[in-house]
Each structure stands twice: as C-alpha cells, then as structure tokens.
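Structure first, then comments.
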Amino acid sequence: MTKILVTGGAGYIGSHAVVELAQAGYEPIIVDDFSNSKESVLAGLRDILGRDVPCHHIDCGNADALREVFRKEGNIEGVIHFAAFKAVGESVQKPLAYFQNNVGSLLTLIEVMNEVGVESLVFSSSCTVYGIPDQLPVTEATPTKPASSPYGRTKQMCEDIVHDVSAAPGNKLRTILLRYFNPIGAHPSAKIGELPLGVPNNLVPFITQTAAGLREKLTIFGNDYDTPDGTNIRDYIYVVDLAKAHIVAVQRLLDHKASEAVETFNVGTGHGNTVLEVVQTFEKASGQKLNYAIGPRRTGDVPAIYADATKAAEVLGFKTETSLFDALASAWKWQQTLK
Ligand code: NAD
Ligand code: WQD
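Numbering-wise (full-length UniProt numbering), the sequence shown opens with residue 1 and increments by one.
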C-alpha cells in the first residue's frame with residue numbers, strides 16, 4: 001500500500017482526508033501535535049475504518065522528530081501538509097507563533113523531504129490569498145492581494161517558498177497547492193467533524209452550536225454589502241468533497257503527471273451563497289429555527305468570493321458532489337453527537 005504522510009491528520013480537514021485515503025487503498029500515516037485537535041479523533045477514525053491509523057504525536061516543525069518518522073515508517077511516497085494554525089483573529093494577537101508554526105513547519109518539512117528523497121507534496125492553501133478580488137469568480141490566475149492578516153500572509157509566504165524551492169537548480173520537489181474555499185460539514189457517519197476549541201470563529205460551527213443551545217444567538221456580520229441580500233458571499237464546500245481533492249492531487253504527483261513543478265488549484269464548488277442563504281438552508285436541513293440578529297460588519301471580511309472551479313475539473317477531474325443542504329445536515333448531525 002502506498003504510504004502517505006498526513007501532517008495535521010487529526011484536524012478537521014486532515015481527518016476527513018485520512019478516511020478518504022484509507023478507503024481509496026492508501027496507507028495514511030498521521031503526524032499531529034494535537035495543538036488544535038483531540039486524541040478522540042483517532043477513535044472516530046478507528047470506528048469508521050475498522051482499524052487503527054498510525055499516528056505520531058510530534059510537532060512537524062521538529063526536524064529530528066520528523067526525520068525519525070520517515071525513518072521508522074520507511075517508504076513514505078508523498079506528503080499532504082495540513083498542519084498549521086488557522087485562526088485569523090488569533091494570528092493578529094500572536095503573529096510570531098503563526099509565522100513560526102505555519103512557515104517554519106513547511107521549511108522543516110521540505111528540508112526533511114529533500115533529505116529522505118520524498119518528492120510529492122500537497123499543500124493546504126486558502127482562498128484568503130485572493131484578498132478582496134476585483135472580479136468574480138476567482139480563477140487561479142486571479143492576482144493575489146496583500147493579505148489582511150498574519151494568517152493570510154503565512155499562506156502567501158508558503159506558496160512563495162514552494163515556488164522558490166522548486167525553481168532552484170536540481171530541485172526534485174513536486175507540489176500541488178490547493179486553495180480551499182470554505183469547508184463545512186462532517187463525515188456522514190458523524191464519527192469525525194469540526195471540533196472548534198472555544199468560541200467558533202467560523203460560520204457553520206457557530207450556527208450549529210447556537211441551534212444546539214450552546215450559544216444564545218448568531219450575529220450576522222453586516223447586511224449592507226453589495227450582494228443580493230446584503231450579506232457576504234462565500235463558496236461553501238463539503239469537507240468530504242474537499243478531502244477527495246487531495247487523493248486525486250497526490251496520485252497525480254505520484255504518477256508524475258503534473259505539468260509543472262508547482263501546480264495550483266482552486267477547490268470550491270464554483271457557487272457562492274450568502275450568509276442568510278446558509279442560515280435559511282440550515283433551518284430547512286435541521287428542522288431547527290435559528291436565533292439570529294444582524295450586527296455590524298466584521299473587520300477584514302471579504303464582501304464576496306467564490307471559486308471558478310474549472311481548472312480542478314478539467315485537469316484533476318475533480319468536482320464537488322454534495323449540496324449545501326446535505327453538507328449542513330451533516331454538520332447538524334455531528335453537532336448533536338457533541339451534546
Ligand atoms: P485544524 O486546526 O482542524 O487542523 C490542523 C491540525 O494540525 C490540528 O490537528 C493541529 O493539532 C495540527 N497542527 C498544527 N500545527 C502543527 C504542528 N506544528 N505539528 C503537528 N501538527 C500540527 O485545521 P483545518 O481546518 O483542518 O485546516 C487544515 C489546513 O487547511 C490548515 O493548513 C489551514 O490553514 C488550511 N485551511 C483551512 C480552512 C478552513 O476554513 N478550515 C480554509 C483554508 C485553508
Ligand atoms: C463566513 C461568513 C462572515 C461568523 C475564514 C478565514 C479564511 C479561510 C476561511 C482559512 C463571513 C459570516 C461568520 C459569525 C457571521 N480560512 N459570519 N457570523 O470569513 O470566509 O474566512 O475561513 O484559510 O482565511 O478568514 O469564514 O466562517 O469566518 O465566515 O455572519 O458568527 O460568515 O462574516 O461572511 P471566512 P467564516
């Protein structure tokens with residue numbers, strides 16, 4: 001079986017990718033320091049897969065520990081690098097921690113991959129690199145904009161690092177940068193899902209926690225934007241669909257089919273929904289009335305963004321399959337297991 005190292009494999013997106021990898025016949029090996037996840041995720045993975053997934057409890061920014069993982073496991077053929085800190089607001093409070101962890105761990109990972117001769121890397125980037133775009137939908141050729149947060153800058157810097165490393169003489173690294181739009185929902189088994197520590201920053205966990213009575217109400221951050229109902233537009237992608245994109249990406253690298261040393265793909269549905277549409281669809285999918293109110297704009301919010309998903313469809317053969325309704329139903333099912 002083809003061994004794939006999954007850094008951050010106990011996290012929200014990483015755990016769903018581990019399931020898809022295992023079910024597609026790969027052997028995922030998790031590396032996670034559990035800085036933003038819980039060991040209970042491993043039990044959820046075991047329930048779904050009927051076996052344990054190997055997990056190394058280390059910081060992937062620790063070169064010696066990472067080398068030891070490659071040595072112990074032997075013949076790891078590719079790496080999917082999810083491990084990073086991801087809270088935009090926190091990154092403003094703790095910029096050094098974000099640069100250290102997100103940029104530092106990528107540098108260490110590439111260095112160790114070079115040493116051990118592993119050449120295939122899939123990297124978790126983000127639509128945050130587009131900032132406030134001038135045109136919608138955004139394609140991979142849409143110019144990136146200076147990021148509005150240290151978190152966003154770490155993603156831009158990581159993309160730049162990968163490009164510079166790949167352009168150096170003798171480089172063997174092949175990378176696919178996946179720019180995720182807004183992942184939502186949980187595995188249909190409701191054995192794994194999003195586990196926000198503390199008050200959620202993201203819309204869907206805030207909605208499900210409010211419906212579950214854990215939060216009093218959802219505040220919608222502004223309804224005076226230039227959009228059909230005045231609320232922000234995002235491209236919400238079901239996390240299992242997103243996870244599947246990693247399988248086609250890593251296989252493309254293993255097959256040496258990438259046309260350039262670095263390829264970049266948007267991973268979204270290609271459709272935008274407003275915050276109010278998400279709320280209304282959640283109410284239908286869950287059968288719950290949601291307590292919400294319109295509040296002021298949130299500083300730094302992008303008014304509207306959604307993907308042009310053509311390149312991923314044409315080059316990777318990747319298309320999303322799951323509706324917003326079904327994705328939100330899965331998020332609600334998962335939330336109910338957490339009560
Ligand atoms: P997450 O926090 O749930 O998962 C990240 C995992 O990495 C966690 O389990 C955490 O414990 C682990 N981790 C962090 N630093 C580590 C380190 N140095 N060594 C080992 N493990 C470490 O986040 P997620 O939502 O699953 O995001 C995964 C990736 O996708 C991140 O790179 C994130 O920036 C990116 N991304 C996320 C979103 C989103 O909305 N969730 C959108 C775009 C991009
Ligand atoms: C979605 C919409 C809010 C909470 C963040 C990161 C970005 C990327 C994806 C990683 C927005 C509105 C939210 C609430 C609300 N992550 N909202 N009330 O803003 O698209 O992006 O996650 O790379 O970098 O910035 O996602 O889930 O925070 O918000 O009205 O309580 O929901 O204003 O329009 P966002 P989000």
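Cβ atoms here follow ideal geometry from the backbone N, Cα and C, with glycine treated the same way.
Looking only at its chain, what residues have a beta carbon closer than 8 Å to the beta carbon of residue i, apart from the 5 residues adjacent to it on each side?
| i | result |
| --- | --- |
| residue 24 | 247 |
| residue 301 | 221, 222, 232 |
| residue 397 | This structure leaves residue 397 out entirely; the chain is present only between 1 and 339. |
| residue 108 | 60, 61, 62, 63, 66 |
| residue 283 | 289, 290 |
| residue 33 | 57, 58, 59, 60, 83 |
| residue 245 | 178, 265, 267, 312, 316, 318 |
Spatial neighbours of residue i within its chain, please: C-beta separation below 6 Å, excluding the five flanking residues on both sides.
| i | result |
| --- | --- |
| residue 209 | 215 |
| residue 193 | 186, 334 |
| residue 262 | 162, 163, 166, 175 |
| residue 240 | 16 |
Under 6 Å: does the beta carbon of residue i sit that close to some heavy atom of the ligand WQD?
| i | result |
| --- | --- |
| residue 298 | yes |
| residue 428 | This structure gives no information on residue 428, because the portion of the chain shown stretches from 1 to 339. |
| residue 234 | yes |
| residue 202 | yes |
| residue 221 | yes |
| residue 206 | yes |
| residue 269 | no |
| residue 275 | yes |
| residue 148 | no |
| residue 37 | no |
| residue 128 | yes |
| residue 266 | no |
| residue 182 | yes |
Please work out which residues of its chain come closer than 7 Å, Cβ to Cβ, to residue i, disregarding the five sequence neighbours upstream and downstream, and give them in chain order.
| i | result |
| --- | --- |
| residue 200 | 206, 209 |
| residue 156 | 129, 144, 147 |
| residue 112 | 63, 66, 67, 70 |
| residue 26 | 1, 2, 4 |
| residue 297 | 221, 222 |
Just checking my contact of residue i with residue j at CB under 8 Å: how many whole Å lie between their CB atoms?
| i | j | result |
| --- | --- | --- |
| residue 279 | residue 178 | That belief does not hold up - the Cβ atoms of residue 279 and residue 178 are roughly 28 Å apart, past 8 Å. |
| residue 249 | residue 286 | That belief does not hold up - the Cβ atoms of residue 249 and residue 286 are roughly 32 Å apart, past 8 Å. |
| residue 41 | residue 15 | 5 Å |
| residue 372 | residue 304 | Past the boundaries of the shown model lies residue 372; the chain is included only from 1 to 339, so the question cannot be answered. |
| residue 36 | residue 11 | 6 Å |
| residue 316 | residue 252 | 7 Å |
| residue 151 | residue 88 | 5 Å |
Can you tell me whether residue i sits near the ligand NAD, meaning its C-beta is under 6 Å from at least one heavy atom of the ligand?
| i | result |
| --- | --- |
| residue 312 | no |
| residue 86 | yes |
| residue 101 | yes |
| residue 10 | yes |
| residue 60 | yes |
| residue 241 | no |
| residue 306 | no |
| residue 14 | yes |
| residue 91 | no |
| residue 318 | no |
| residue 40 | no |
| residue 33 | yes |
| residue 82 | yes |
| residue 124 | yes |
| residue 330 | no |
| residue 105 | yes |
Hey, does residue i have any beta-carbon neighbour from chain C nearer than 7 Å?
| i | result |
| --- | --- |
| residue 20 | In the structure shown, chain C does not exist; there is a single protein chain. |
Fully enclosed by the stretch 279–336, which beta strand (DSSP E) runs are 3 residues long or longer?
-> Every beta strand (DSSP E) stretch that sits fully inside the stretch 279–336 and reaches 3 residues is listed by chain position as 292–295.
Alpha helix (DSSP H) runs wholly inside the stretch 26–72, at least 4 long, in chain order | DSSP runs (the alpha helix (DSSP H)) wholly in the stretch 26–72: 40–49.
Which runs of the beta strand (DSSP E) spanning at least 3 residues fall entirely within the stretch 137–196, listed in chain order?
-> The beta strand (DSSP E) runs lying completely inside the stretch 137–196 and spanning 3 residues or more are 174–180, 182–184, given in chain order.
Counting only runs of 4+ residues fully inside the stretch 210–286, write out the alpha helix (DSSP H) ranges in chain order.
-> Runs of the alpha helix (DSSP H) inside the stretch 210–286: 239–254, 275–286.
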